[in-house]
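Encoded as structure tokens, the structure appears first; notes follow it.
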Amino acid sequence: MILQKKVERRIKKRIRIKKNITGTPQRPRLTVYRSLKHVYAMIIDDTSGRTLVEASTLSKDLRDRIKETSARMDACKLIGKAAAERALQKNITEVVFDRNGFLYHGRVKAVADGAREGGLKF
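Each residue of the sequence shown is one higher than the one before, counting from 628 in the numbering used here.
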């Protein structure tokens, strides 16, 4: 029951955040989602409704680099850097960060730090 309320609270936060944050073609939205096992980062253009860039712990090209690191925080930082590299290849330099209702702490913060190190501005 407590877990269900926690999830409902996160979804309500996500809805409130999404009212104010939208991605444009000039500044798309960097969304972070974390499950218990995996972390996903997507750069989305909300005007066209398209995902421009994605990186996750399930990506085949990142899997080998993630296995080398034993800490989940390091894996999240790698995901942020990979998303930033892929975004820079598509000439995306500025994004709006969307924490998707999660606290800006831990793995979500690590993805954001990795994206900043990779060259994204937000």
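Yeah, the Cβ is synthetic: ideal placement off N, Cα and C, and Gly gets one too.
According to DSSP, what are the bridge partners of residue i?
i	result
D672	R677
S683	Y667
K748	E721
Beta carbon of residue i, beta carbon of residue j: below 8 Å?
i	j	result
L679	D672	yes
G650	R641	no
A682	A702	no
R699	R734	yes
F724	A739	yes
Could you give the first and the last residue of the continuous alpha helix (DSSP H) run that contains residue i?
i	result
L715	R699 to Q716
Q631	I629 to N647
G741	R734 to G745
Buried or exposed for residue i, going by 16 or more other Cβ atoms inside 10 Å?
i	result
T658	buried
V722	buried
R636	exposed
K708	buried
M669	buried
Closest to residue i by C-alpha separation, out of the options, would be which residue?
i	options	result
R692	E744, E681, L705 and Y731	L705
A742	I719, F729 and I644	I719
G728	V666, L685 and K639	K639
K664	E695, F749, L685 and N647	L685
F749	I648, G676 and T696	I648
What are the start and end residues of the beta strand (DSSP E) that includes residue i?
i	result
R656	R656 to R661
V723	V723 to D725
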